[in-house]
Amino acid sequence: MNNWIKRDLKYIWHPYTQMKDCENLPPILIEKARGLKLYDNKGNFYYDTISSWWCNVHGHNHPKIKKAIIRQLDSLEHILFAGFTHRPAILLAEKLVSLSPPSLNKVFFSDNGSTAVETALKMSFQYWQNIGKKDKTKFVSLDYGYHGDTVGAMSVSGVDLFNEVFKPLFFSSFKVPSPYCYRCPMGKEKSSCNLDCAEPLETLVRQKSHEIAGIVLEPLVMAAAGMIVYPKEYLKRVAEIARKYSIHLILDEVATGFGKTGKMFACEYVNIQPDFMCLSKGITSGYLPMGATLTTDTIYEAFYANYEERKTFYHGHTYTANPVACSAALASLEIFKEEDTLGRVREVSFLFHQGLEKFRGLNLVGDVRYIGIIGAIELVKEKKRKVAFSFKERVGLEIYKQGLKKHLILRPLGSIIYLFLPLSISKKELEYVLDNTYNIVKSVDKKSISQ
Ligand SMILES: *Cc1c(COP(=O)(O)O)cnc(C)c1O
């Protein structure tokens with residue numbers, strides 16, 4: 016084992032990692048990155064098909080973002096954001112407001128996706144306290160939703176393998192079925208779907224709206240659940256229910272934001288006016304940590320009062336609106352314009368979706384789903400009955416190992432293989448990624464048949 020890796024394993028505890036697995040599968044030492052490629056210390060390269068945990072947007076080492084960061088470092092690296100401000104934050108807030116749905120006019124900065132969600136939850140909660148509707152204290156969320164790893168964000172996430180141990184810590188929230196079409200919670204097929212899965216939500220909200228502050232969900236793609244892409248009509252329906260019964264609509268665009276679905280924000284696919292939008296991951300194109308929670312004038316005004324009225328939002332994070340991160344975010348947004356990133360994504364995603372359709376023919380492939388530059392292939396043991404692989408079978412690990420041999424970082428969520436590509440991917444790179452992923456899934460297919 017390389018000396019650096021020995022030192023890594025001696026001192027570092029990696030996230031989402033069973034450290035014992037590192038005995039056989041030590042972490043890979045990455046030395047540099049360019050575009051879609053990561054290079055390790057041995058000169059091997061890997062295609063970053065999952066955009067560095069979903070945050071890279073324009074590829075690695077983009078000259079424009081790098082330059083913006085360096086320029087910012089020459090003037091101001093950090094400043095407390097209470098009582099002080101700076102131009103990069105002002106410019107970024109203006110830009111985010113101009114890009115987001117018209118209902119959103121205020122920006123609250125934080126430093127990651129979980130805190131962007133926590134901010135929205137606390138603001139929503141306090142909004143109802145501030146206006147005297149003191150019973151509106153609960154949140155509704157989806158069964159397989161994911162909103163981060165802090166305790167509040169976990170409380171509104173689905174309970175799964177990762178977080179069930181923490182369940183006693185969660186604040187109580189209402190859970191409703193997810194629009195997981197392949198495994199429809201209502202037992203329907205596409206042809207018979209009438210958005211029945213939104214009914215339990217409407218029933219709940221109709222009965223309990225006096226105690227519900229808001230509903231939180233990921234628009235169009237439930238990412239961590241396995242890139243579950245769901246019908247736009249469902250999102251529209253949720254927005255209607257939220258409006259009808261006066262509960263906040265909190266959209267978690269942490270994964271879907273910044274072009275990954277083919278639009279700047281996923282919520283643009285439907286004409287809805289959320290009360291909150293949570294952003295992070297792609298906001299700086301993966302350069303620096305940053306979170307942002309956008310909200311409405313109505314909510315802002317419920318906190319705007321004389322100091323003694325105790326309506327202030329006492330919440331904040333030390334690295335809030337870090338100037339270097341703001342500058343990286345601004346540069347990333349300029350690139351969207353200069354390189355017509357979204358126009359390019361439309362072209363590339365067409366080929367991407369065509370390529371993914373081919374996977375349907377494979378034996379172990381139960382479902383194929385995609386939107387924009389996000390795609391997933393759900394592997395099953397038995398196609399007809401949609402029998403899932405068990406936790407112990409670790410089919411994902413096998414795919415991961417095989418991917419590395421083919422220069423691919425495939426890091427399946429359980430037995431769901433996904434691609435979450437940078438928007439800058441070229442057609443040639445896309446072809447390589449799809450062909451090799453196909454061959455890997457096919458080879459796993461064969462092996463399991465011969466067993
Ligand atoms: C990743 C993610 C989060 C949490 O973001 P962190 O920066 O990891 O805290 C929240 N919501 C969604 C939808 C995510 O994908």
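Convert by adding 15 to the 1-based position in the sequence shown; the result is the number in the working numbering. We put the beta carbon where it would ideally sit given N, CA and C, even for glycine.
Rounded to whole angstroms, the gap between the alpha carbons of T134 and T152 is 15 Å. Taken from the Cβ of H162, at least one heavy atom of ligand 1 lies inside 6 Å. Annotated as proximal: A270 and A238, with beta-carbon spacing under 7 Å. Given a length threshold of 3 residues, each whole run of the beta strand (DSSP E) inside the region 148–190 is given here in chain order: 153–157. Within the region 26–68, the complete beta strand (DSSP E) segments of 3 residues or longer fall at 45–49, 52–55, 60–62, listed in chain order. Closest in C-alpha terms to S347, from the list A257, K296, V380, comes K296. Between Q288 and S66, the gap from beta carbon to beta carbon reaches 7 Å or more. The residue from L419, N145, Y385, C70 with its alpha-carbon nearest to that of E323 is N145. Relative to ligand 1, E233 has its C-beta within less than 6 Å of a heavy atom. The beta carbon of A270 sits closer than 6 Å to at least one heavy atom of ligand 1. Using a 10 angstroms sphere on the CB of K190, the tally of other CB atoms reaches 16 or more, which defines it as buried.
Proximity of the region 271–288 to the region 240–252 meets the contact definition, three or more beta-carbon pairs being nearer than 8 Å. Around the beta-carbon of T64, 16 or more other beta-carbon atoms lie within 10 Å, marking it buried. At least one heavy atom of ligand 1 lies closer than 6 Å to the C-beta of S295. G390 is classed as buried because its beta carbon has at least 16 other beta carbons within 10 Å across all chains shown. If you check the C-beta of N127 against ligand 1, you find a heavy atom less than 6 Å away. Residue S261 holds the alpha-carbon nearest to the alpha-carbon of S224 among Y329, S261, C208.
When DSSP states are grouped into helix, strand and coil, K421 belongs to the coil group. Selection A343, T452, L412 evaluated against N71 yields A343 as nearest (Cα-Cα).
In the structure shown, the three-state DSSP call for A228 is strand. Annotation for Y433: M242, A391 place their beta carbon closer than 6 Å to its own, counting only its chain and skipping 5 residues before and after. Ranked by Cα distance from R375, the first of L366, L394, G358, N178 is L394. The region 124–133 makes contact with the region 297–305; the number of CB pairs closer than 8 Å reaches 3 or more.
Apart from the 5 residues on each side of it in sequence, F186 sits with its Cβ closer than 6 Å to the Cβ of S170 in its chain, given in chain order.
DSSP lists no bridge partner for H73.
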